[in-house]
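Q:
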DNA sequence: CGATAATCGAGACGGTACGTCGAGTCTTTAG
DNA sequence: CTAAAGACTCGACGTACCGTCTCGATTATCG
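Protein chains in written order, with our numbering: chain W, 65 to 274; chain Y, 65 to 274; chain E, 65 to 274; chain V, 65 to 274.
#1: Below 8 Å, how does it come out for the stretch 114–131 of chain W and the stretch 201–214 of chain Y: are there three or more Cβ pairs, yes or no?
#2: Got a sec, what are the start and stop residues for the alpha helix (DSSP H) residue 200 of chain Y sits in?
#3: Is the shortest distance between the beta-carbon of residue 201 of chain V and the beta-carbons of chain E less than 7 Å?
#4: What separation, rounded to the nearest whole angstrom, lies between the Cα atoms of residue 220 of chain Y and residue 85 of chain W?
#5: Could you compute how far the alpha carbon of residue 142 of chain V sits from the alpha carbon of residue 171 of chain V?
#6: Does residue 102 of chain Y pass the burial test, meaning 16 or more other C-beta atoms within 10 Å, or should it be called exposed?
#7: For residue 106 of chain Y, which residues of its own chain have a beta-carbon under 6 Å away from its beta-carbon, when the five flanking residues on both sides are left out?
#8: What does a CB cutoff of less than 6 Å around residue 176 of chain E pick up in its chain, not counting 5 residues either side in sequence?
#9: Bridge partners of residue 90 of chain Y, per DSSP?
#10: Note down, in chain order, each residue of its chain lying with its Cβ closer than 8 Å to the Cβ of residue 255 of chain W, except the 5 sequence neighbours on either side.
#11: Which of the residues in the stretch 177–194 of chain E, read from start to end, lie with their CB under 9 Å from any CB of chain V?
#12: At a Cβ cut of 7 Å, what residues of the stretch 155–175 of chain Y count as close to chain W, listed as they run along the chain?
#13: Less than 7 Å between CB atoms is the rule here; does residue 226 of chain W satisfy it with respect to chain Y?
#14: Could you tell me whether any Cβ in chain V is nearer than 7 Å to the Cβ of residue 223 of chain E?
#15: Roughly how many whole angstroms lie between the Cα atoms of residue 266 of chain Y and residue 222 of chain Y?
#16: Between residue 225 of chain E and the ligand MG, is there a pair consisting of the residue's CB and a ligand heavy atom that are separated by less than 6 Å?
#17: Indicate whether residue 227 of chain V and residue 259 of chain V have their beta-carbon atoms separated by less than 7 Å.
#18: Run down chain Y in chain order and give the residues with a C-beta less than 7 Å from the C-beta of residue 236 of chain W.
#19: Could you pull out every residue in the same chain whose Cβ sits closer than 8 Å to the Cβ of residue 218 of chain V, ignoring the five residues on either side in sequence?
#20: Give me the Cβ distance between residue 190 of chain Y and residue 138 of chain Y, rounded to the nearest whole Å; I'm assuming they're in contact under 8 Å.
#21: Start and end of the alpha helix (DSSP H) containing residue 235 of chain E?
#22: Residue 255 of chain E CB to nearest chain V CB: under 7 Å?
#23: By the three-class DSSP mapping on this structure, what secondary structure does residue 105 of chain W have?
#24: Helix, strand or coil for residue 281 of chain V per DSSP?
#25: I think residue 178 of chain W touches residue 173 of chain Y, with their Cβ atoms under 8 Å apart; what is that distance to the nearest whole Å?
#26: Could you tell me which chain V residues have their CB closer than 7 Å to the CB of residue 261 of chain E, listed as they occur along the chain?
#27: Please decide whether residue 102 of chain V counts as near chain E, where near means a Cβ-Cβ distance under 7 Å.
#28: Classify residue 113 of chain V as buried or exposed, calling it buried when 16 or more other Cβ atoms lie within 10 Å of its own Cβ.
#29: DSSP three-state call for residue 218 of chain W: helix, strand or coil?
#30: If you compare alpha carbons, which of E/240, E/91, E/110 is closest to residue 133 of chain E?
#31: Contact check, residue 125 of chain W vs residue 87 of chain W under 8 Å by CB: the rounded distance?
#32: If you follow the alpha helix (DSSP H) that residue 190 of chain W is part of, which residue opens it and which one closes it?
#33: Using CA atoms only, rank isn't needed, just tell me which of W/151, W/251, W/245, W/163 is closest to residue 214 of chain W.
#34: In chain order, what residues of the same chain have a beta carbon less than 6 Å from the beta carbon of residue 251 of chain V, not counting five sequence neighbours either side?
#35: Ends of the alpha helix (DSSP H) at residue 21 of chain V?
#36: Rounded to the nearest angstrom, what separates residue 115 of chain W and residue 93 of chain W at their Cα positions?
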């Protein structure tokens with residue numbers, strides 16, 4: 065399910081139309097509650113009360129608590145992934161990863177973490193979660209590497225897939241596991257000490273070209 | 065809390081002593097249930113029923129479901145981290161990381177994942193979790209790098225801390241987020257494509273020594 | 065069961081002998097607790113705690129809460145039913161019924177009331193209860209009537225059985241149902257307005273004899 | 065509390081209204097369970113299961129097991145006390161007491177007995193109980209005597225109050241204490257041997273009028 | 001005397017019911 | 001037909017009590 069469905073194919077619907085502004089109010093309430101108390105302690109009654117809505121108004125739009133939370137994250141995630149194009153690999157990485165780090169550091173990151181524990185037992189959630197938080201970000205990184213490759217900045221044998229995976233891993237590991245801050249210095253170190261050394265041509269290699 | 069405490073400092077304890085064998089039976093039951101249905105769906109009734117115990121017997125030892133699960137993981141985690149010493153950096157890394165990967169791939173890994181969502185709202189759990197799953201493993205990796213350093217296998221400016229962090233991040237990211245398998249080929253790739261290139265002296269550097 | 069049995073027929077018993085003083089301490093505790101909170105809210109833990117005894121010490125003597133309570137009442141009941149013999153029907157009735165009323169007004173009466181609700185579902189309790197609180201008192205009343213009969217104080221057709229039943233009913237109805245006081249004026253009224261008119265020869269009948 | 069109250073003074077109530085049919089279903093279930101296993105062994109789970117109701121549905125209406133049972137008895141009691149008017153004291157007594165005996169012999173009588181033990185520790189229950197099982201019946205008896213008095217059937221000095229008390233006592237003593245049957249012969253004996261002799265004018269007194 | 005055995009207080013054990021609370025559904029009035 | 005409100009069933013929660021069992025310590029008899 066995930067996204068609220070508006071009474072299907074019916075063209076001329078009868079009765080009071082569904083109030084679309086309630087969708088966002090409910091998602092906002094869900095996000096706030098989840099950021100405050102976590103996924104487990106989030107209750108539908110709490111969400112309904114915060115949005116001054118009835119529970120039926122929630123269940124009319126989403127099938128379950130899980131469904132509400134998935135959709136909330138997905139919707140809010142889709143507006144926050146700019147794709148930089150600075151002209152250099154290092155610039156693109158730096159810019160994209162700081163943006164992603166900032167995004168993860170907000171309430172959506174907290175919400176995402178709250179969902180991790182459910183992934184193994186909720187295949188639908190797993191799919192939605194990966195689409196939202198992994199795939200999109202990975203695709204952007206891939207395209208950054210492709211553009212760098214076209215600019216001939218990469219070593220031929222560079223482990224591109226591994227680099228993409230590592231970039232995400234490093235950030236999310238910090239965010240969810242160690243609890244260390246996802247700040248600019250950290251992003252810089254990931255770029256300078258890991259990503260660039262792993263995939264970019266070294267100075268001697270560049271000089272060899274001349 | 066975490067580990068059940070047996071009447072503390074009192075030397076001569078009165079009344080029937082706790083049956084220590086119930087501790088393990090309950091932890092085993094908790095681990096099984098959690099691996100089957102996850103953390104959220106784990107109920108104390110289910111754990112009690114599986115261990116043929118009364119719920120009071122659980123609550124006498126652990127304050128809550130969370131406390132039980134923390135302790136279960138901690139106890140079971142402490143017996144599974146051998147520290148290899150093969151004489152070479154690559155050998156040590158390969159051996160240790162495959163062991164860690166195998167450990168994470170079992171039920172304890174599933175249990176660990178189930179806990180991640182609770183970390184932000186349960187500081188005590190966060191501490192126990194990091195001690196169990198992060199610190200221990202990180203310290204082993206550190207010592208592996210130190211020994212390699214003593215054998216003069218590392219480049220002087222090698223980002224040792226980052227390498228240690230990345231090793232854990234790469235494994236746990238796969239385990240918990242992407243769902244891709246933590247198999248030997250993956251560990252090999254992490255070692256060959258990431259860790260060794262980042263910290264070890266390259267062939268030319270070694271030859272420079274001669 | 066009812067009364068604590070002391071290891072049956074064995075003549076030479078080994079081991080530490082049972083401490084007979086605990087019996088009364090436990091019965092006393094049980095009576096106090098029951099008078100305070102009633103039968104339902106009486107817990108074995110509370111009785112044990114009040115007597116500073118272990119629960120096993122109770123269960124070694126009585127099979128169950130019910131058994132303990134039955135025996136407690138029975139034991140305490142047996143020492144309180146004097147049989148008057150004043151030489152006149154009215155005197156005997158007055159004396160006996162005031163004694164019985166006083167007895168019922170104490171803690172034993174409260175305890176007895178607490179047991180009434182269990183009678184239909186506990187045949188053994190019912191038997192013990194009737195033996196203790198009904199039969200004994202009824203037999204005394206019967207003998208009082210017999211002696212009066214021998215003294216030729218009764219009308220030949222006097223409903224002796226009904227009188228006996230009514231005497232008990234009147235007292236216990238007040239005690240347990242209406243809550244009105246079981247005081248001397250009430251006993252007097254029962255004797256003067258009910259029992260004597262029902263069974264004793266009237267003045268004119270007595271005069272007829274002359 | 066006793067009777068479920070339906071949101072008091074509010075005129076326009078919001079939300080789904082209480083399902084009044086659940087009240088009776090729950091009372092019926094409570095009565096059945098209590099008649100089967102007694103008050104003490106009655107569990108809320110059993111009542112809920114028998115009525116296919118959630119426990120919350122019970123607790124929404126009644127504060128406790130005791131409250132439920134009180135209300136159950138009260139409700140069911142109010143429909144079973146016809147007031148006879150046969151034109152003669154003996155006829156009225158006979159008819160009323162057989163009706164009351166039959167009423168007490170059913171499940172409601174069993175339920176009433178189950179409550180007796182709680183009266184001393186539950187003032188509210190005591191009030192409700194007396195209203196239901198004592199006052200109503202006593203008032204009917206009083207009116208029967210009044211009508212007999214108006215018909216000049218009573219002796220002037222007849223102990224009217226005592227007669228009323230004895231009638232109830234005799235029946236309830238049998239029902240709850242001795243366990244003897246509350247059958248028609250017994251009622252007849254009570255009327256003929258006790259009540260009529262105590263209060264009605266004797267034949268000689270009647271003849272004196274002529 | 002030492003060994004044996006049943007007692008004692010204390011409290012852990014398995015089990016059952018408690019009264020509360022949350023999930024997801026249904027039913028009312030109001031718009 | 002949708003909205004808010006809240007009652008509905010179901011099931012897990014953490015607690016309390018029952019009746020049993022197990023501990024160390026004590027107190028008797030037996031050999």
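Even for Gly, the Cβ is constructed at its ideal location relative to N, Cα and C. The structure displayed is predicted, hence computed values, not measured ones.
A: Let me lay it out:
#1: no
#2: Unbroken alpha helix (DSSP H) run through residue 200 of chain Y: 200–214.
#3: no
#4: 59 Å
#5: Each residue's Cα considered, the two are about 14 Å apart.
#6: buried
#7: Counting only residues of its own chain and dropping the five nearest sequence neighbours on each side, residue 106 of chain Y has a CB closer than 6 Å to the CB of 97, 98.
#8: 197
#9: According to DSSP, residue 90 of chain Y bridges with nothing at all.
#10: 154, 157, 158, 161, listed in sequence order.
#11: 177, 178, 179, 180, 181, 182, 183, 184, 185, 186, 190, 193, 194
#12: 174
#13: yes
#14: Closer than 7 Å: yes.
#15: Residue 266 of chain Y and residue 222 of chain Y have their alpha carbons spaced roughly 11 Å apart.
#16: For the ligand MG, the structure offers nothing, since it holds no ligand at all.
#17: At the C-beta level, residue 227 of chain V and residue 259 of chain V come within 7 Å of one another.
#18: Chain Y residues near residue 236 of chain W: 237, 241.
#19: 153, 209, 212, 224, 263, 264, 265
#20: 13 Å between Cβ atoms; not a contact.
#21: 224–236
#22: no
#23: coil
#24: An answer regarding residue 281 of chain V cannot be provided, because it is not within the stretch 65 to 274 covered by chain V.
#25: In this structure residue 178 of chain W does not touch residue 173 of chain Y by the C-beta definition: roughly 19 Å separates them, more than the 8 Å allowed.
#26: 262
#27: Answer yes: the Cβ-Cβ gap between residue 102 of chain V and chain E drops below 7 Å somewhere.
#28: exposed
#29: Here residue 218 of chain W sits in strand by DSSP.
#30: E/91
#31: 6 Å
#32: 187–193
#33: W/151
#34: 161, 162, 165
#35: No answer is possible for residue 21 of chain V: the residues shown for chain V start at 65 and end at 274.
#36: 6 Å
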